[in-house]
Amino acid sequence: MFTAFVVWLDQYVFDTVGLPSSIIPSLSIVVGLMLVFRNQTSYNRFWDGRNSMNNLTTCIRNLVRIIITNSYNGGNSQIARPLTAAEKQDIERTIRILMAIPYAVKNHLRAEWGAAWATSSLGDDVDKSGTTVYNPVYAGLLPEGLQGHEDEGLGLPYQLAFFVDGFIKRGVDRGWFHAPGASQMQAQLNTLLDAYGKMETIRLTPIPVAYLIHTKQVLALFGCVLPFAMVDDMDWWAIPIVSLVIFTLYGIEGIGLQLEDPFGYDRNDIKMDAIVGDAKTELDVVLDEWRRLVGSVEGIGSAGEDGFVPSELFLKRA
Numbered sequence: 002m003f004t005a006f007v008v009w010l011d012q013y014v015f016d017t018v019g020l021p022s023s024i025i026p027s028l029s030i031v032v033g034l035m036l037v038f039r040n041q042t043s044y045n046r047f048w049d050g051r052n053s054m055n056n057l058t059t060c061i062r063n064l065v066r067i068i069i070t071n072s073y074n075g076g077n078s079q080i081a082r083p084l085t086a087a088e089k090q091d092i093e094r095t096i097r098i099l100m101a102i103p104y105a106v107k108n109h110l111r112a113e114w115g116a117a118w119a120t121s122s123l124g125d126d127v128d129k130s131g132t133t134v135y136n137p138v139y140a141g142l143l144p145e146g147l148q149g150h151e152d153e154g155l156g157l158p159y160q161l162a163f164f165v166d167g168f169i170k171r172g173v174d175r176g177w178f179h180a181p182g183a184s185q186m187q188a189q190l191n192t193l194l195d196a197y198g199k200m201e202t203i204r205l206t207p208i209p210v211a212y213l214i215h216t217k218q219v220l221a222l223f224g225c226v227l228p229f230a231m232v233d234d235m236d237w238w239a240i241p242i243v244s245l246v247i248f249t250l251y252g253i254e255g256i257g258l259q260l261e262d263p264f265g266y267d268r269n270d271i272k273m274d275a276i277v278g279d280a281k282t283e284l285d286v287v288l289d290e291w292r293r294l295v296g297s298v299e300g301i302g303s304a305g306e307d308g309f310v311p312s313e314l315f316l317k318r319a
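So, in structure tokens, the structure goes:
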């Protein structure tokens, strides 16, 4: 509408209201640099968030792998022995906690605190109104009797890391993990928390408001000047051309706004729900296979066959 008004003034009211078209390249450079910086910063946040989520799930995979492959042997011996009921419960509890960490991270980044303690009977993390609701799958992974302190500022992912750290110490005491192996597990846990901290930084550190305001001001001023710079050369064609240019520029600015916080529910955000669900499905398969392996060890052990070495995971057993 503004461009049409400028063209009307140029055609019917004044001899000319146009500005030299040579000003367009100079203004375009300024606008282009601002938009490039804006979008590059937003995409870096998106990409860093995705990489951090991948690092987190990789650390969980490594911890589960180490726990599974070291928790059925007889300490420093190469001979397998049946696990006690308390040991099996401790292992499964720790693996479930590791499964719960991605859920806790996802909810923390979305400011959906207390999802595991909500009273709704629905099955999703949030309902259609965006309110946090009860997720029985997530709640079933958390330690029994866990008391959250999110209202006091303690993030649940960090809280769950203490349980994993305690299990590593108990594993060393039982002879499951040698000192170098335990150190590697500690390093994986530290990397996991580092990835969580990076995602938290992205979530809690927005683009400076002054820069956002100035970007919108520059786009608005460019949109106001552009019709005057094009009216003499384009006449009425200036209307669709200016519309196309402004649509493109504001579209680029909108993309940056979409990618700025990549942990939400928008179509362009990181698929947090899919990543978390895939990780749980993967670890469920590993845990089921471990249960079958432990069952085979217990069966042989109860039959009195000393010196039995169990078969590997994921191999068909007769």
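Each residue of the sequence shown is one higher than the one before, starting from 2 at the first, in my numbering. Every residue gets a Cβ at the ideal spot worked out from N, C-alpha and C, and that includes glycine. The structure presented is a predicted model; accordingly, all values stated were derived computationally and were not measured.
- About 7 Å separates the Cβ atoms of residue 165 and residue 99, confirming a contact at the 8 Å cut-off.
- With respect to the C-alpha of residue 50, the residue from 263, 69, 281 having the closest C-alpha is 263.
- Taking all protein chains in view, the Cβ of residue 109 is crowded by 16 or more other Cβ atoms within 10 Å, so the residue is classified as buried.
- DSSP places residue 40 within a helical segment (H, G or I) once states are collapsed to three.
- Going by C-alpha positions, residue 184 is about 15 Å away from residue 66.
- Taken in chain order, the complete alpha helix (DSSP H) segments of 4 residues or longer contained in the region 150 to 184 are 157 to 175.
- In this structure, residue 227 places its C-beta atom within 9 Å of the C-beta atom of residue 246.
- With a 10 Å radius around the Cβ and a threshold of 16 neighbouring Cβ atoms, residue 254 comes out buried.
- In the three-state DSSP reduction, residue 218 falls in the helix class (H, G or I).
- The C-alpha of residue 32 lies about 13 Å from the C-alpha of residue 212.
- Where residue 97 is concerned, the enclosing alpha helix (DSSP H) starts and stops at 86 to 110.
- If the five residues before and after residue 180 are omitted, its C-beta is found closer than 8 Å to the C-beta atoms of 173, all from its own chain and listed in chain order.
- Judged by their CB atoms, residue 222 and residue 251 are not nearer to each other than the 9 Å cut-off.
- Closest in C-alpha terms to residue 159, from the list 18, 89, 270, 105, comes 105.
- Annotation for residue 97: 142 place their beta carbon closer than 7 Å to its own, counting only its chain and skipping 5 residues before and after.
- For residue 255, the enclosing alpha helix (DSSP H) has its first and last residue at 239 to 261.
- Under the DSSP assignment, residue 209 falls outside any alpha helix (DSSP H); it carries neither an H nor an E label.
- Taken through DSSP and simplified to helix, strand or coil, residue 148 comes out as coil.
- Ranking 54, 35, 25 by CA distance to the CA of residue 277 puts 54 first.
- Within the model, the alpha-carbon separation for residue 41 versus residue 62 is close to 31 Å.
- In the structure shown, the three-state DSSP call for residue 276 is helix.
- Of the residues assessed, residue 197 falls on the buried side of the cut-off, its CB having 16 or more other CB atoms within 10 angstroms.
- Residue 103 is positioned such that its CB atom lies no closer than 9 Å to that of residue 157.
- In the assembly as shown, residue 111 is a buried residue. Its beta-carbon has 16 or more other beta-carbons within 10 Å.
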